[in-house]
Amino acid sequence: MNIDDYNNIRHSLLENNCEELLILEQTTSKVLINALLTISSKIKEDFNSATKLRPFWEEYAPVQRGHKPRGEAFP
């Protein structure tokens with residue numbers, strides 16, 4: 099199933115006044131948003147702390163792999 103199939107099925111359900119689908123989508127969205135809001139500060143802190151390790155990775159960079167590595171990749 100791709101996004102077009104999903105949207106077509108959703109559209110046909112909505113045309114039939116399928117309140118259950120709307121309630122399910124709203125409930126799921128609220129759960130996901132609340133879960134992300136709960137941990138968003140930890141995600142931001144973890145993302146921002148990655149720059150603290152840059153000096154380490156510059157000194158001890160992983161072995162470069164792939165076709166014609168340029169030696170610029172740092173985790």
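Take 99 as the starting number for the sequence shown in my numbering and just add one per residue. A virtual CB, placed ideally from N, CA and C, is assigned to each residue, including glycine.
Can the beta-carbon of residue i be found less than 7 Å from the beta-carbon of residue j?
i: leucine 119; j: leucine 111; result: yes
Who are the near neighbours of residue i in its chain, counting only those whose CB is closer than 8 Å to its CB and skipping five residues on each side?
i: cysteine 116; result: none
i: asparagine 105; result: none
Which complete beta strand (DSSP E) runs does the segment 102–172 hold, if anything under 3 residues is left out?
none
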